[in-house]
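Enquirer:
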Amino acid sequence: MSFTATTTRELADAIVDEHELAIVDARDHEAYSQGHLLWAASIRTVDVHHAAPILLPRRSTRVVVTDNGGGEAEDLRDVLASNGWTEASVLAGGIDSWAEEGHELYSGVNVPSKLFGELVERHYRTPHVSALELHQWIDQERPLTILDSRTEREFQRMSIPTGRSCPGGELVHRAFDLADQDATIVVNCAGRTRSILGTESLVRAGVPGRVIALENGTMGWELADLILDHGKTATASAPTSIGRRQASVAATKVAERFNVEQITRSTMDSWGADQTRTLHLFDVRTPDEYKKGHLLDFRNAPGGQLVQATDEYAITRGARLVLADDDLTRATMTASWLLEMGWETYVLDEGVSQGPFEYGNTELPLNSPQVVLPYDPGDAHIARQAMQEYLDWEVALVDQYDRDDLAQFTSDGWA
-4 MSFTATTTRE LADAIVDEHE LAIVDARDHE AYSQGHLLWA ASIRTVDVHH
46 AAPILLPRRS TRVVVTDNGG GEAEDLRDVL ASNGWTEASV LAGGIDSWAE
96 EGHELYSGVN VPSKLFGELV ERHYRTPHVS ALELHQWIDQ ERPLTILDSR
146 TEREFQRMSI PTGRSCPGGE LVHRAFDLAD QDATIVVNCA GRTRSILGTE
196 SLVRAGVPGR VIALENGTMG WELADLILDH GKTATASAPT SIGRRQASVA
246 ATKVAERFNV EQITRSTMDS WGADQTRTLH LFDVRTPDEY KKGHLLDFRN
296 APGGQLVQAT DEYAITRGAR LVLADDDLTR ATMTASWLLE MGWETYVLDE
346 GVSQGPFEYG NTELPLNSPQ VVLPYDPGDA HIARQAMQEY LDWEVALVDQ
396 YDRDDLAQFT SDGWA
C-alpha cells in the first residue's frame, strides 16, 4: 500500500496501533523546536540523503512527513520516494491540522526522552538535593561523590565543584568502585533528565550508600548564585575487576526485574534479513572504546545519550533495537530504560567479543537539531530568566503528557 497523504485521524490511529511508523518533521531545526508532534524526528530535506539510510534503514517503513504548510514535507516526501522509500506520505494540513483536531504540539528537542525523565521522577519519586544544600555539604566536607552524567565535553565546559565526569551509560559500570556506605552519591546534569535517570539507574542497581539527584543541575547551581568550575577533566575511572564483577551482578538482577532479554548472533542475523521489521544495532560503550574496535554495522550510541536523545538514533516506533558492549552491564542498564520507554530492545549475549570488527569512527555525521526551545541548557552563558523558563518548561511536560491521549510509552501504563 502506498500513501501520498495521511489525515490527522489516520495518523492518530497509526500511532496507537502496533505497526511500525516513523514521523519526520521536514522544517528547519528552529521551526521544528517551536512546535512539533511528540514522536516526530527532525530531518531537513538537505540532510535526508545521508540521514535517511541511517535513521530509516527499512525502505518499506511507513513514514509520515510533517511541516507547517510551507511545502517542506512534500519536498522531503518526494526525495524519499525517488530514493526507494515506498510508503512515504505527507500529513494533510500539517501541524496546524493536527492541533486543530485537539492533538498536542510540543516545543523543544529530544522531547520524548525529556518527558520520560519527568515521568520517571514522578513514578519512582526520585530523591534530590538543592544546589544550596549541596554547596553547604561541600563546605562542610561531608563524604560525597559527585558524578556528572553528561558527556565529557559538556563536563569540561562547566561542572559542579569537586565533581567527576561519568556519562550516564557509565554510571553503574563504574560506580561500585566509588561507592561508600557512609558517603552520598550525587548525580548531576545540566538540567534534569540525565540526573534523574542516572540516579534511578544507580538505585535500581543497588549501588551502596545514598544516591540522589542534584535538582536542576548546573542551571540550578547558577540560579542559586553559585560558581561553576570550568575546564576540569576529572573523570570516574574505568572499573577495577572487582567493581566490574559487582556491576555485572547488579545488571543481571536488573535484567531479571525488567525482563531484559539476551539474543544470539544467529537471531540478530535473522532479524537483519527480515524485510518486514526495522533493526537498529547500537554499541553503547564510550566513543573511545568504539573507535578502537566495534562490531560491523553497529553505530556508537553511548548508553546515556541513547536514552537522553533517542530520537536522534532511532525514529521508527515499533523497531527492534539490539545493544552491545564488552560485559553486558552497560547494554543491560540501557535496555532496561529503553524497554520502559516502549522500545523493543535486546542485548547481544556475546557482546563485542566476536568479529567481524571495524575500527575508527565509521559513522556518517548527522546534523541533529541544535536549537532547544524554550532554551538550551547546554549554553553556559544563558540568561537567568532563560534558564528558569527552560526548567519550568521541562517540568510542565508532565502536564502536557497528562492531557495527551497519544503519548503513552509503556505497556503497563505508568508512562
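Okay, so the sequence shown: first residue is -4 according to this note's numbering, each after it adds one.
Built from N, CA and C at the ideal position, the CB exists for glycine as well.
Just to confirm, is the Cβ distance from residue 197 to residue 180 under 8 Å?
Expert: yes
Enquirer: What residues in its chain sit with their C-beta under 7 Å from that of residue 72, if we drop five residues either side in the sequence?
Expert: 60, 83, 84 and 85.
Enquirer: Which same chain residues, not among the five before or five after residue 194, have their C-beta less than 6 Å away from its C-beta?
Expert: Only 121, 182, 206 and 208 meet the Cβ criterion.
Enquirer: What does DSSP give as the partner residue(s) for residue 159 in the beta ladder?
Expert: DSSP output for residue 159 lists 142 as bridge partner(s).
Enquirer: Considering only the alpha carbon of each residue, which of 79, 52, 334 and 395 lies closest to residue 404?
Expert: 334
Enquirer: Going by DSSP, name the residue or residues bridged to residue 209.
Expert: 124
Enquirer: Can you pull the DSSP bridge partners for residue 1?
Expert: 86
Enquirer: Indicate whether residue 273 and residue 319 have their beta-carbon atoms separated by less than 8 Å.
Expert: no
Enquirer: Closest to residue 381 by C-alpha separation, out of 99, 159, 200 and 215, would be which residue?
Expert: 215
Enquirer: In angstroms, rounded to a whole number, what distance separates the CA positions of residue 253 and residue 305?
Expert: Cα atoms of residue 253 and residue 305: separation of roughly 19 Å, rounded to the nearest angstrom.
Enquirer: Let me know the secondary structure DSSP gives residue 55 once reduced to three states.
Expert: coil
Enquirer: With DSSP as the reference, label residue 302 as helix, strand or coil.
Expert: helix
Enquirer: Counting C-beta neighbours from all protein chains within 10 Å, is the total for residue 22 16 or more, i.e. buried, or is it exposed?
Expert: buried
Enquirer: Measuring CA to CA, which of 228, 168 and 102 is closest to residue 245?
Expert: 168
Enquirer: In angstroms with no decimal places, state the Cα-to-Cα distance between residue 3 and residue 58.
Expert: 14 Å
Enquirer: Return yes when the Cβ of residue 341 is within less than 8 Å of the Cβ of residue 317, no when it is not.
Expert: yes
Enquirer: Is DSSP giving residue 101 helix, strand or coil here?
Expert: strand
Enquirer: Could you tell me the alpha carbon to alpha carbon distance between residue 265 and residue 279, rounded to whole angstroms?
Expert: 22 Å
Enquirer: Ordered along the chain, which non-local residues of its own chain (more than five positions away) have a Cβ less than 6 Å from that of residue 225?
Expert: 153
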